[in-house]
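Notes to accompany the following structure.
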Amino acid sequence: MRDPRYDILFEPVQIGPLTAKNRFYQVPHCNGGGYRDPSAAAAMRGIKAEGGWGVIFTEQCEMHHTSEITPFIELRLWEDKDIPQLRRMSERMKEHGALAGIQLAYSGINGPNLYTKEVPLAPTALPIRTFTNDPVQARALSKSDIRDLRRWFVTAAKRSSAAGFDLICLYGAHGFGIFQHFLSRATNQRSDEYGGSLENRARFSQEVIADIREAVGDTMAITLRVSLDESIGALGFSNAELRDYIEMNRNLPDLWDLAQGTWEDCSGPSRFKEEAAQEQLVRGIRDLTDRPVVGVGRFTSPDVMVRMVKSGTLDFIGCARSSIADPFLPKKVEEGRIEDIRECIGCNICITGDMTMSISRCTQNPTFMEEWRKGWHPERMNPKGDSSNVLVVGSGPAGLEAAWALCRRGYDVAIAEAREVIGGRVTRERALPGLSAWGRVVDYREYQLGQRANVEIYRQSELDAAAILDFGFQNICIATGSTWRRDGVARQHVVPMPIAPGAQVFTPDDLMEGRLPKGRVVIFDDDHYYMGGVLAELLAKSGAQVTLITPAPFVSDWTRNTLEQGAIHARLVEAGVEIVLNRGVTEICTDHVVTNCVYSGRTQQMEMDAVVVVAARLGNDRLYQDLMARAADWADAGIRSVRLIGDANAPGPIAWATYAGHRYARELDAPDTGDAPPFRREITELASDWPG
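Residue numbers 522 to 1213, in this note's numbering, belong to the letters of the sequence shown in order.
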């Protein structure tokens, strides 16, 4: 039963001619699928409808072929033949009473048009602003172009209606949407009636919304996603100017969708952004308009959501990442199951799917984007197979997820953990600077497992092959994690690097166990994800004189995909860490390291007292290998299967481990699929007019 203090979250709210059944509003978010995987994306949105969301939006949908952001894979609505795949999505969105929304995007100064080869169009002729610094410039929109662009929006709105959508979101935030480009003096330097004063810069949005209203009448609602603050100084669209704009156009759209000016600021990870981080930028805007307001801030707590509504800050609780981590968040609140909410940890692995043009993942929810491809439901498991029990060795993210999924299928599960505390790498990493929220991976699963009668956790239970053969379990899942290498093998070194006897060499495992080097410390980061930067911050706070050396052109290079690389660099500079880019470490001596330029190969020495090597990891697979060596004894011991999963099998990010655990549980006792792909995919239709 729902706690009455959350009743306000389930009040219906008017959006123009429509009514949302509650205040849970899934704002537009990408998923790595786009036009390539429409059924996978549709099923993912449909699961959220089942989970109780009142409003559900697509990701950005490119509304005309003259503005697209290849290589990134988003939806497209370029012509009528795009309507069927979008209709499939809207139908799934509306199956449980949610309103279905589509975000129409014209990327302007952010659209390099690498696929269509069209000349980009923007308010002012400037270089394209993309993640990859494409050497392309946009042409300034002429008056005729603006008339065309207005017509294209109307055509896209009509197609959206034909595709079954209830709401249209016009994209003008994160630096990506043409409406922000017109509103910001940084990208709008025009001297005609569309530039200069705020009244002039607002003209384009006024015209487009009026055009769409005339075209679709009262059959659809129009929302406008605008930047809260570009935070780029006097030339930017500031929070103060946004407030002037909304007050000047208080009833322009049917709903104001407020988001930070850059994607990095808006969707910063938990390491840098707290829940409701944008509250102060939003507070008071609701008083400037008669229309409802939605805002974002990685909301995970229903209490914070209630505060945002009761304080008059927001009418709708906008969620992207939280709706990915738990698509059933609204239903769990409604049913009084707050403790069952799978909270987002703010790692931004979901965003890496978009950035790497691949199917997205979620650390907390391994079923994300597998709802159609593999038939995985986030709240329901497939029936148990013909065996009865499983021994899971290791309680890291892979082992815990495997156990949680297995017990829901109906297996009796025992977890053997060598340490006193469970959680494996997550328990150690959550103590590092900024990573406390990552502990939710363990907390959620430990609580859920504690509610199940068919699961036992045995701590301080280090097992060998002989003990496992004596236990009588039918299935053995080895999830024993990995260990950071001390010898430097990773990308620069494929064999151990020269290390002098007596050199003080540490690994991330040493630091996470509390063994911190002192004095002048060199961190050699050849891992390129978060660990090198986090350890540099840890050591700087402990008083060490830290130099971080990496062969990459960026600190924590891969975190560009999680939208935190710039924040990491800035924090390390603030902490006094010396950053050395584009250099490797070729040799570790007792009192210095030899570094080399990755381009010229020229070497130089750097004095130090200790080195922290952040390189590759070795899977802890000894137990698995010992069991495989005794495969002849399995039948007598009643063992039907032995599997190695997670970091023990192939080290990767935590999301890879939870996925591995979930997949193991789903596939246990399943028939062998042979060489066929273990998921469904959609194939591009061949043209019928091929000359051959």
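C-beta atoms are modelled at their ideal positions from N, C-alpha and C, and glycine is treated no differently.
Within the chosen definition, does the segment 1031–1046 reach the segment 1200–1208 through at least 3 CB pairs nearer than 8 Å?
no
Three CB pairs or more closer than 8 Å across the segment 911–929 and the segment 989–1006:
yes
Is the segment 606–624 close to the segment 648–665, with three or more CB pairs under 8 Å?
no
Using the C-alpha atoms, what's the distance from I845 back to R1007?
36 Å
With DSSP as the reference, identify every bridge partner of E1099, one or two as the case may be.
T1068
Does DSSP classify Q801 as helix, strand or coil?
helix
Got a sec, what are the start and stop residues for the alpha helix (DSSP H) M1052 sits in?
M1052 to K1062
Per DSSP, what kind of secondary structure is Q781 in: helix, strand or coil?
coil
Taking its Cβ as the centre, do 16 or more other Cβ atoms sit within 10 Å of E532, making it buried, or is it exposed?
exposed
Consider the C-beta atom of T948 and the heavy atoms of the ligand GTP; say whether any pair is separated by less than 7 Å.
Only the bare structure without any ligand can be found here, which leaves the ligand GTP out of the picture.
How big is the Cα-Cα spacing for K895 and M902?
12 Å
Residue of V1132, W574 and L1144 minimising C-alpha distance to V1067:
V1132
In or out: Y932 buried (at least 16 other Cβ within 10 Å) or exposed?
buried
Around the C-beta of L756, are 16 or more other C-beta atoms found within 10 angstroms, so that it is buried, or is it exposed?
exposed
Could you check if I1070 is buried or exposed, using at least 16 other CB atoms within 10 Å of its CB as the buried criterion?
buried
Return the Cβ separation of A1181 and G1167 in integer angstroms, given the expectation that the two are a contact with Cβ distance under 8 Å.
5 Å
Cβ neighbour criterion (16 or more within 10 Å) applied to C690:
buried
The beta strand (DSSP E) spanning W1005 covers which residue range?
S1003 to W1005
Output needed for E768: all residues of its chain with C-beta closer than 7 Å, excluding positions within five of it in sequence on either side, in chain order.
L809
Taking the Cβ atom as the reference point for each residue, do Y627 and I594 lie within a distance shorter than 8 Å?
no
Spell out whether any CB of chain C is found under 8 Å from the CB atom of A952.
Among the chains of the structure shown, chain C does not appear; only one protein chain is present.
Counting C-beta neighbours from all protein chains within 10 Å, is the total for P851 16 or more, i.e. buried, or is it exposed?
buried
Report yes if the C-beta distance between P876 and A561 is below 8 Å; otherwise report no.
This sequence places Met at residue 876; Pro is not what is there. Contact: no.
Rounded straight-line distance, which links the Cα of C840 to that of P525:
22 Å
For E941, is the classification buried or exposed, using 16 other Cβ atoms within 10 angstroms of its Cβ as the cut-off for buried?
exposed
How big is the Cα-Cα spacing for R1151 and G685?
60 Å
One or two residues paired with N552 in a DSSP bridge
N552 is not bridged to any residue.
Can you grab the Cα-Cα spacing for the pair L956 / R792, in whole Å?
6 Å
For C582, name the three-state secondary structure that DSSP assigns.
strand
Identify which residue in F837, V934, K831 and M522 has its Cα closest to the Cα of W574.
F837
Have a look at P1072 and D732 and give me their C-alpha separation to the nearest angstrom.
53 Å
Secondary structure at N1117, three-state DSSP: helix, strand or coil?
strand
From the DSSP output, in three-state form, read off M1149 for me.
helix
Status (buried if at least 16 other CB within 10 Å, exposed otherwise) for I1204:
exposed
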